[in-house]
Amino acid sequence: MKKEQPEDRRKRASLITRRLKRLFPEAQTALDHATPLELLISTILSAQCTDERVNIVTKELFKRYRSAVEYANARQPELEQIIRSTGFFRAKAKSIINCCKQLAGSHGGMVPDSMEELVKLPGVGRKTANVVLGNVFGKTEGVVVDTHVARLSGRLGFSKQSTPEKIELDLMQTLPRKDWIPIGNLLILHGRRTCQARKPKCPECPIRELCPSAEEFLRAYKS
6 MKKEQPEDRR KRASLITRRL KRLFPEAQTA LDHATPLELL ISTILSAQCT
56 DERVNIVTKE LFKRYRSAVE YANARQPELE QIIRSTGFFR AKAKSIINCC
106 KQLAGSHGGM VPDSMEELVK LPGVGRKTAN VVLGNVFGKT EGVVVDTHVA
156 RLSGRLGFSK QSTPEKIELD LMQTLPRKDW IPIGNLLILH GRRTCQARKP
206 KCPECPIREL CPSAEEFLRA YKS
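The working numbering applies: residue 6 is where the sequence shown begins, and numbers increase by one.
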């Protein structure tokens with residue numbers, strides 16, 4: 006098979022993005038939130054946890070704590086109990102409390118709107134920062150790379166890398182900047198509904214002919 010050139014990959018990526026935008030015209034983060042702080046907390050909780058579970062937990066959490074100061078002053082055992090079902094609850098509770106202490110002490114309780122300041126917060130990496138910047142502030146600094154995005158980036162031939170940071174760089178080189186925010190939400194939705202981890206639904210996939218992995222998976226359906 007002829008090796009795909011970068012320009013051809015960019016054209017194919019553009020076609021895939023346009024088709025997914027038509028399929029998911031209202032694509033946005035699935036994490037329920039009303040404020041930047043709520044999305045920041047939800048994204049911290051979403052590590053190794055489904056968005057559905059996070060949304061169940063935050064219904065109670067957001068009623069109990071309403072500001073960075075309240076989280077900063079929270080009793081860790083109490084916070085742990087509320088978020089227990091999201092997994093890794095001790096580490097997450099510690100990150101949330103320390104993150105909000107820094108928000109309260111250095112940012113007047115407000116969530117900063119820059120990558121530089123966000124990644125300085127405890128428990129906040131590039132993925133979390135990209136989620137907040139893109140979905141709340143409309144700022145394009147990078148691409149959100151979660152497990153769905155990482156999986157689909159490999160299957161679609163956008164990246165051969167295995168770490169989120171390197172996958173993100175490949176996506177940034179493959180897609181125009183205007184698509185960096187939407188592509189994360191689009192691939193997450195497509196990964197949940199069609200291109201699933203164990204058995205992707207290739208026969209019904211709307212971008213099947215643009216996917217270099219489809220033929221291999223389709224053979225598995227026929228065998």
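Heads up, the beta-carbon is just placed ideally off N, CA and C, and yes, glycines get one too.
This one's a predicted model, so the numbers in the text were calculated from it and none came from an experiment.
Can you look up R80 in the DSSP assignment and give me helix, strand or coil? Reading the sequence shown from its first residue, position 75 is the one you call residue 80. Note: R80 maps to coil in three-state DSSP.
For the pair the segment 57-70 and the segment 28-46, tell me if three or more CB-CB distances fall below 8 Å. yes
Tell me the residue span of the alpha helix (DSSP H) that contains E43. By 1-based counting over the sequence shown, the position of residue 43 is 38. Taken as a continuous stretch (DSSP letters only), the alpha helix (DSSP H) holding E43 covers 41-50.
At the level of alpha carbons, what is the spacing between Q178 and Q201? Mapped onto the sequence shown, residue 178 falls at position 173. Mapped onto the sequence shown, residue 201 falls at position 196. Taking the straight line joining both Cα atoms gives about 25 Å.
Own chain, CB closer than 6 Å to S47, minus 5 neighbours either side, in chain order: Counting from 1 along the sequence shown, the entry for residue 47 is found at position 42. Within the same chain, S47 has close Cβ partners L36, H38, V59, T63.
Cα-Cα, which of P169, P208, C216 is closest to A225? Indexing the sequence shown from 1 puts residue 225 at position 220. The shortest Cα separation from A225 among P169, P208, C216 belongs to P208.
Touch check for the segment 91-107 and the segment 115-124: three-plus C-beta pairs under 8 Å? no
Please report the distance separating the alpha-carbon of T91 from that of E57. As a first step, residue 91 must be located in the sequence shown, where it is residue number 86. As a first step, residue 57 must be located in the sequence shown, where it is residue number 52. Computed Cα separation, rounded: 10 Å.
Beta carbon of I188, beta carbon of D151: below 8 Å? The count along the sequence shown starts at 1 and reaches residue 188 at position 183. The count along the sequence shown starts at 1 and reaches residue 151 at position 146. Contact: no.
G128, buried or exposed, once every other Cβ within 10 Å from all chains shown has been counted against 16: The sequence position of residue 128 within the sequence shown is 123, counting from 1. By the 10 Å Cβ count, G128 comes out buried.
Same chain, Cβ closer than 6 Å to G21, five either side skipped, listed in chain order: The count along the sequence shown starts at 1 and reaches residue 21 at position 16. Per the sequence presented here, residue 21 reads as Ile, with Gly not at that position. Same-chain partners within the cutoff: I212, L215.
Going by C-alpha distance, which of G159, R160, V137, F142 is nearest V149? Working through the sequence shown from its first residue, we reach residue 149 at position 144. Comparing Cα-Cα distances from V149 to each of G159, R160, V137, F142, the minimum goes to V137.
Beta carbon of L180, beta carbon of A18: below 8 Å? Against the sequence shown, residue 180 aligns to sequence position 175. Against the sequence shown, residue 18 aligns to sequence position 13. Closer than 8 Å, so yes.
So, at 6 Å on beta carbons, what are the nonlocal neighbours of A134 in its own chain, with the 5 sequence-adjacent residues on each side left out? Numbered from 1 along the sequence shown, position 129 holds the residue referred to as residue 134. Non-local beta-carbon contacts of A134 in its own chain, meaning distances under 6 Å to residues more than five positions away in sequence, involve M120, L123, V124 in chain order.
Between Q81 and A98, which are expected to be in contact by the criterion C-beta below 8 Å, what is the C-beta distance as a whole number of angstroms? Against the sequence shown, residue 81 aligns to sequence position 76. Against the sequence shown, residue 98 aligns to sequence position 93. Right, the Cβ-Cβ distance comes to about 5 Å (below 8 Å), so this counts as a contact.
Is D151 helix, strand or coil when you go by DSSP? By one-based count along the sequence shown, residue 151 stands at place 146. Note: D151 maps to coil in three-state DSSP.
CB I186 to CB G139, shorter than 8 Å? Counting from one through the sequence shown, the residue named residue 186 turns up at place 181. Counting from one through the sequence shown, the residue named residue 139 turns up at place 134. Yes, the Cβ-Cβ distance between I186 and G139 is below 8 Å.
Leaving aside the five residues before and after L156 along the sequence, list all residues of the same chain whose C-beta is less than 8 Å from its C-beta, in chain order. Mapped onto the sequence shown, residue 156 falls at position 151. Leu is not the amino acid found at residue 156; the sequence shown has Arg there. Contacts found: G196, C200, A202.
What residue range is occupied by the uninterrupted alpha helix (DSSP H) comprising I186? For the purposes of this step, residue 186 is identified with residue 181 of the sequence shown, where counting begins at 1. Its alpha helix (DSSP H) spans residues 185-198.
At what residue ranges does the segment 86-171 contain a whole run of the alpha helix (DSSP H), taking only runs of 4 or more? 94-111, 120-123, 131-140, 152-160
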